[in-house]
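Chemist: Have a look at the structure that comes next, please.
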Amino acid sequence: MKIAIVTETFLPSTDGIVTRLTACIKWLHRAGHDVLIIAPDLGVDEFDGAPVKGVAARTLPVYRSKQFALPNRVVKEYLEDYDPDVVHVVNPAILGYSGVKHARRLGYPLVASYHTNVAQYLDYYHLSPFKGVIWWYFRKLHNQADLNICTSQTVQQELNERSFRNVHVWKRGVDTENFHPGNYSASMREKLTDGRTEDKLLLYVGRLAPEKEIEKIRSVLEASDEFSLAIVGDGPHRQPLERHFEGTKTVFTGFMHGEELAQAYASSDVFVFPSTTETLGLVILEAMASGLPLVAARSGPTCEQIEDERTGLLYDAEKAGDFVNTVRRFEDETLRRRLAANARKDIGELGWSEAAGQLLELYNEAVGLDEAARKKEKLT
1 MKIAIVTETF LPSTDGIVTR LTACIKWLHR AGHDVLIIAP DLGVDEFDGA PVKGVAARTL
61 PVYRSKQFAL PNRVVKEYLE DYDPDVVHVV NPAILGYSGV KHARRLGYPL VASYHTNVAQ
121 YLDYYHLSPF KGVIWWYFRK LHNQADLNIC TSQTVQQELN ERSFRNVHVW KRGVDTENFH
181 PGNYSASMRE KLTDGRTEDK LLLYVGRLAP EKEIEKIRSV LEASDEFSLA IVGDGPHRQP
241 LERHFEGTKT VFTGFMHGEE LAQAYASSDV FVFPSTTETL GLVILEAMAS GLPLVAARSG
301 PTCEQIEDER TGLLYDAEKA GDFVNTVRRF EDETLRRRLA ANARKDIGEL GWSEAAGQLL
361 ELYNEAVGLD EAARKKEKLT
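Per UniProt numbering, numbering of the sequence shown is gapless, rising by one per residue and ending at 380.
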């Protein structure tokens, strides 16, 4: 099968979407399928044998730490030259608008995947009045697809309630060979704790943005001297966060990748996840695979990943003091070890093959739906 993937984000960017895409592209390539990637031009022209066709990218005033590609007619040229069997538009919004538009006009079967709760993000940027417009726009784009996919049952339910059509849940996956408790490193722990290796080390991994609510973690450091914090990642909110955590036992590392990131997970004690805006939270699965228990805000997609009191502890984000009290329960090392073992056991050997195989099945289903729709048009 020839598959064209049009995505708003790709390498060298670091996020859960890129991780999922690259893992599935590798699987598809090894299964004998041909993939073309159309993405913002950030200097990458090939990935695992798949050509990457770049579209001119620029920063936008609302988000200056990342480059985006605007709608561009070159997407039509790339699709015509490649002539795919199916087009997958990932998170259609800006560049993805061109992907949806030209896939439809050229008559290609179309899959669209939803990964980011942009409407909910607006609350953190003082743009809440635009929520209705955002939902209208995303629904209009997604409902041109033969088939839509998202990454959790909670999001599927919300999209169904908002009249998105034919929405499927894309199975979860994580690289259990790379993320594993055996990656513990004394030197990494020394780095993440700034030498305070006897402290309980809290770890946050991800994009540094207002909607992640990372500021909340400071309250734990103020309430108990037993904890240190490592923040792994970068983003538009880094400088405000560095000021916010000044004077606390906090280390900012910037982005980590590969073996270094795997060591960071395995060398920490507890993973903290304050966000309530996630559509999945791939870092949760990476932490579990690394044998870390979790503390997370109780929200739909997060509850699908974490079993409260078994693989982690969930807290009520609206209840004053609940976050601090929940994290402090991990002062009990017996509890921490029990939940850590359960977290790793639950992930098992999950890998990416099941999620990638399902994606291929969904591509084939979209092709079938497209063919059926064309036959129906001819009959009418």
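Here a beta-carbon is modelled for each residue, glycine too, at the ideal position from N, C-alpha and C.
Determine the direct distance from the alpha carbon of leucine 110 to that of alanine 103, and round the result to whole angstroms.
Modeler: Within the sequence shown, residue 103 is the residue found at index 103, counting from 1. Within the sequence shown, residue 110 is the residue found at index 110, counting from 1. Near 7 Å, if we compare the C-alpha coordinates of leucine 110 and alanine 103.
Chemist: Could you tell me whether the stretch 116 to 134 touches the stretch 94 to 102, where touching means 3 or more Cβ pairs closer than 8 Å?
Modeler: Too few Cβ pairs lie closer than 8 Å, so no.
Chemist: Given that a residue counts as buried once 16 or more other Cβ atoms are within 10 Å of its Cβ, and exposed if not, what is serine 113?
Modeler: Translated into the one-based positions of the sequence shown, residue 113 becomes position 113. That one is buried.
Chemist: Less than 6 Å between C-beta atoms, sequence neighbours within five positions excluded: which residues of the same chain meet that for lysine 26?
Modeler: The count along the sequence shown starts at 1 and reaches residue 26 at position 26. Result list for lysine 26: Asp48, in chain order.
Chemist: On the DSSP letters alone, give me the boundaries of the alpha helix (DSSP H) that glycine 258 sits inside.
Modeler: Along the sequence shown, read from residue 1 onward, the residue named residue 258 stands at position 258. Its alpha helix (DSSP H) spans residues 258 to 266.
Chemist: Counting only the same chain and skipping the five closest in sequence on each side, list residues whose C-beta sits under 6 Å from that of valine 90.
Modeler: Translated into positions along the sequence shown, residue 90 becomes position 90. Here the set comprises Thr7, Ser113.
Chemist: With H, G and I counted as helix, E and B as strand and the rest as coil, what does DSSP make of glutamine 358?
Modeler: Looking up residue 358 in the sequence shown gives position 358. DSSP places glutamine 358 in helix when its eight states are reduced to three.
Chemist: Could you pull the start and end residues of the alpha helix (DSSP H) that serine 98 belongs to?
Modeler: As a position in the sequence shown, residue 98 is number 98, starting the count at 1. Run containing serine 98: 95 to 106, per the alpha helix (DSSP H) assignment.
Chemist: Among Arg374, Cys303, Leu362, Lys376, whose alpha-carbon lies nearest the alpha-carbon of valine 86?
Modeler: Taking the sequence shown and counting its residues from 1, one reaches residue 86 at position 86. Closest by alpha carbon: Leu362.
Chemist: Looking at the secondary structure, which residues open and close the beta strand (DSSP E) in which serine 65 lies?
Modeler: Locating residue 65 in the sequence shown gives position 65, counting from the first residue. Counting along the chain, the beta strand (DSSP E) containing serine 65 begins and ends at 63 to 69.
Chemist: Run through DSSP, which three-state label would valine 44 get?
Modeler: On the sequence shown, residue 44 is found 44 positions in, with the first residue counted as 1. Three-state result, valine 44: coil.
Chemist: Examine the Cβ distances between the stretch 176 to 191 and the stretch 203 to 223 and report whether three or more of them are shorter than 8 Å.
Modeler: With the cut-off at 8 Å, the stretch 176 to 191 and the stretch 203 to 223 do not touch.
Chemist: Quick check on residue 411: does DSSP put it in helix, strand or coil?
Modeler: Past the boundaries of the shown model lies residue 411; the chain is included only from 1 to 380, so the question cannot be answered.
Chemist: Let's see if you can read the secondary structure: which residues bound the alpha helix (DSSP H) around tyrosine 121?
Modeler: Reading the sequence shown from its first residue, position 121 is the one you call residue 121. Element bounds for tyrosine 121: 118 to 121.
Chemist: Let me confirm a value: proline 40 is counted as buried when at least 16 other C-beta atoms fall within 10 Å, else exposed. Which label applies?
Modeler: One-based indexing of the sequence shown puts residue 40 at position 40. Answer is buried; the Cβ neighbour count reaches 16.
Chemist: Going along the chain, which residues of its own chain have a beta-carbon closer than 6 Å to the beta-carbon of lysine 131, five neighbours each way excluded?
Modeler: Stepping through the sequence shown from its first residue, residue 131 is reached at position 131. Counting only Cβ-Cβ distances below 6 Å, and skipping sequence neighbours, we find Ala119, Leu122.
Chemist: Per DSSP, what kind of secondary structure is isoleucine 25 in: helix, strand or coil?
Modeler: Residue 25 sits at position 25 when you count from the first residue of the sequence shown. Note: isoleucine 25 maps to helix in three-state DSSP.
Chemist: Residue ranges of each beta strand (DSSP E) run of no fewer than 3 residues wholly in the UniProt domain "Glycosyl transferase family 1" (197 to 345), ordered along the chain?
Modeler: If we require 3 residues or more, the beta strand (DSSP E) runs fully inside the UniProt domain "Glycosyl transferase family 1" (197 to 345) come out as 200 to 205, 227 to 232, 250 to 254, 270 to 273, 294 to 297, 312 to 315.
Chemist: Of all the options Ala372, Leu360, Arg20, which has the alpha carbon lying nearest to the alpha carbon of aspartate 34?
Modeler: On the sequence shown, residue 34 is found 34 positions in, with the first residue counted as 1. Of the listed residues, the one whose Cα sits closest to aspartate 34 is Leu360.
Chemist: Which residues in the same chain as leucine 60 place their Cβ atom closer than 6 Å to its Cβ, once the five residues preceding and following it in sequence are excluded?
Modeler: For this step, residue 60 is matched to residue 60 along the sequence shown. Cβ neighbours of leucine 60 beyond the five flanking positions: Phe68.
Chemist: Roughly how many angstroms lie between the CA atoms of glycine 233 and alanine 209, to the nearest whole one?
Modeler: As a position in the sequence shown, residue 233 is number 233, starting the count at 1. As a position in the sequence shown, residue 209 is number 209, starting the count at 1. Cα-Cα distance, rounded: 10 Å.
Chemist: If you draw a straight line from the C-alpha of threonine 9 to the C-alpha of arginine 20, how long is it?
Modeler: Counting from 1 along the sequence shown, the entry for residue 9 is found at position 9. Counting from 1 along the sequence shown, the entry for residue 20 is found at position 20. Cα to Cα, the separation comes out at about 11 Å.
Chemist: Shortest alpha-carbon distance to threonine 248 belongs to which of Arg196, Val205, Gly99, Arg298?
Modeler: By 1-based counting over the sequence shown, the position of residue 248 is 248. Minimum Cα distance to threonine 248 is reached at Arg196.
Chemist: Could you give the C-beta distance for serine 290 and tyrosine 265, rounded to a whole number, given that I count them as a contact under 8 Å?
Modeler: Locating residue 290 in the sequence shown gives position 290, where the first residue counts as 1. Locating residue 265 in the sequence shown gives position 265, where the first residue counts as 1. Right, their Cβ atoms sit about 4 Å apart.
Chemist: Could you give the distance in angstroms between the alpha-carbon of isoleucine 231 and the alpha-carbon of alanine 355?
Modeler: Numbered from its first residue, the sequence shown carries residue 231 at position 231. Numbered from its first residue, the sequence shown carries residue 355 at position 355. Distance between the alpha carbons of isoleucine 231 and alanine 355: 29 Å.
Chemist: Determine whether the beta carbon atoms of asparagine 160 and valine 167 lie at a separation below 8 Å.
Modeler: In the sequence shown, the residue the question calls residue 160 occupies position 160. In the sequence shown, the residue the question calls residue 167 occupies position 167. It is a contact, given that the beta carbons lie within the stated cut-off.
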